[in-house]
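Residue numbers (UniProt numbering): 1 to 242.
Reviewing the structure listed below.
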Amino acid sequence: MLIKKNRVWAVAALLGGVIGFSSCLKQSDPTPQRMNYTGAIINGAWLPSSLDIFNNGVKMNTSAAYKTAASAPFLDLPGIHTFSFRNLNGTGLDSVTQQFDSLKYYTVITYNDGNKKFVAQRIPEDFSSLSNAKVNFRFLNLSPNAGPVDLYINAKKVLDNQPFQINGAWNAADPFNNSVEYYVTLPGQTTPLVKGTSRVTAGSTQVSFQAGYAYTIYLAGAKDSTGDNKLQLYYLSHTSNY
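Below is the structure:
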């Protein structure tokens with residue numbers, strides 16, 4: 001699997017479901033530096049619709065509140081980290097305290113359970129078996145009430161009847177010649193329930209899924225909402241900066 005080295009995620013601009021984190025790395029003395037781990041946070045929770053994230057007590061989303069369906073990758077030094085999720089008034093929602101090891105990949109996913117409780121969960125990632133020749137993707141249905149959905153990429157159904165789930169199997173698709181659209185429908189239907197949007201161009205539904213990279217496509221938000229926690233479809237690239 002390909003890994004793009006020139007990552008600029010930590011300073012990414014707020015764009016659609018993408019929000020940049022302030023750098024978690026700090027300058028230190030000239031002793032040999034430990035190798036970083038690569039993390040990502042996907043906010044699949046719809047309640048609250050906006051929150052703040054702290055890494056060992058340091059606020060990560062310094063530019064704006066972290067809204068429903070927002071996601072961002074980042075680099076950080078290994079060790080024990082506590083990721084705390086708080087209401088904008090400072091009230092704690094949930095936290096994850098785990099060891100994060102050098103050169104490893106991790107995703108922290110937030111969601112609301114069946115009782116609307118806010119939950120944060122760390123998922124260790126293993127991309128070693130993914131294809132260099134195909135587009136690697138998984139789909140997470142994090143919506144509390146959308147029900148099962150079918151996923152389409154480039155007008156082709158690639159997954160059907162996907163229920164609520166916070167982790168899923170990796171899939172591989174043949175490379176695409178051009179930018180494509182991705183969307184979900186109700187099972188067996190063809191009309192998009194919601195279209196996915198770009199991380200590069202605001203408002204665009206055209207995206208470039210590249211062979212050799214790993215993408216999480218995720219559905220978040222409530223289908224009966226029209227606010228910040230409305231139903232939204234986005235993707236996160238774990239191994240490149242777009």
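Every residue gets a Cβ at the ideal spot worked out from N, C-alpha and C, and that includes glycine.
Since the structure is predicted, the reported quantities are computational estimates derived from the model, not experimental observations.
Sheet register partners of residue i (DSSP bridge)
i              : result
glutamine 189  : In the DSSP output, where bridge partners are listed per residue, glutamine 189 has none listed.
glutamate 125  : Tyr105
asparagine 141 : Phe164 and Leu219
asparagine 171 : Phe137
proline 73     : Ala40
alanine 155    : The partner list for alanine 155 (beta bridge, DSSP) is empty, contrary to what the question assumes.
alanine 65     : Beta-bridge pairing links alanine 65 to no other residue.
Residue from the options with nearest C-alpha to residue i
i              : options                           : result
glutamine 33   : Leu47, Thr68, Phe176 and Gly79    : Gly79
leucine 151    : Ser198, Tyr183 and Tyr213         : Tyr183
glycine 168    : Asn43, Arg199 and Ile123          : Ile123
asparagine 154 : Ile166, Leu93 and Val207          : Val207
isoleucine 166 : Asp76, Met60 and Tyr111           : Tyr111
tyrosine 235   : Ile42, Asn178, Asp224 and Phe54   : Ile42
alanine 120    : Leu47, Asn132 and Ala146          : Leu47
asparagine 229 : Gly203, Val58 and Ser143          : Ser143
asparagine 145 : Ala40, Ala45 and Gly39            : Ala45
leucine 233    : Ala64, Ser240, Thr185 and Gly212  : Thr185
valine 108     : Ser102, Leu231, Phe74 and Asn178  : Phe74
glycine 188    : Ala211, Lys156, Ile217 and Ala172 : Lys156
tyrosine 215   : Ala72, Phe100 and Val58           : Ala72
aspartate 113  : Phe139, Asp94, Ala133 and Thr197  : Asp94
Pairwise C-alpha distance: residue j and residue i
i                 : j                 : result
residue 245       : aspartate 126     : Examination of residue 245 is not possible in this model, given that the chain is present from 1 through 242 alone.
aspartate 160     : leucine 219       : 14 Å
proline 148       : asparagine 89     : 34 Å
valine 200        : serine 237        : 12 Å
threonine 97      : glycine 227       : 31 Å
tyrosine 105      : tyrosine 37       : 6 Å
alanine 70        : leucine 51        : 10 Å
aspartate 76      : threonine 62      : 16 Å
alanine 222       : asparagine 56     : 30 Å
serine 240        : tyrosine 213      : 7 Å
serine 131        : alanine 202       : 29 Å
phenylalanine 209 : phenylalanine 137 : 9 Å
leucine 103       : alanine 40        : 14 Å
threonine 205     : leucine 231       : 15 Å
Residue i CB to nearest heavy atom of the ligand GDP below 7 Å
i          : result
glycine 39 : With respect to the ligand GDP, the structure shown offers nothing to examine, as it has no ligands at all.
* When the Cβ atoms of the region 71 to 91 are set against those of the region 191 to 198, are three or more pairs found closer than 8 Å? -> no
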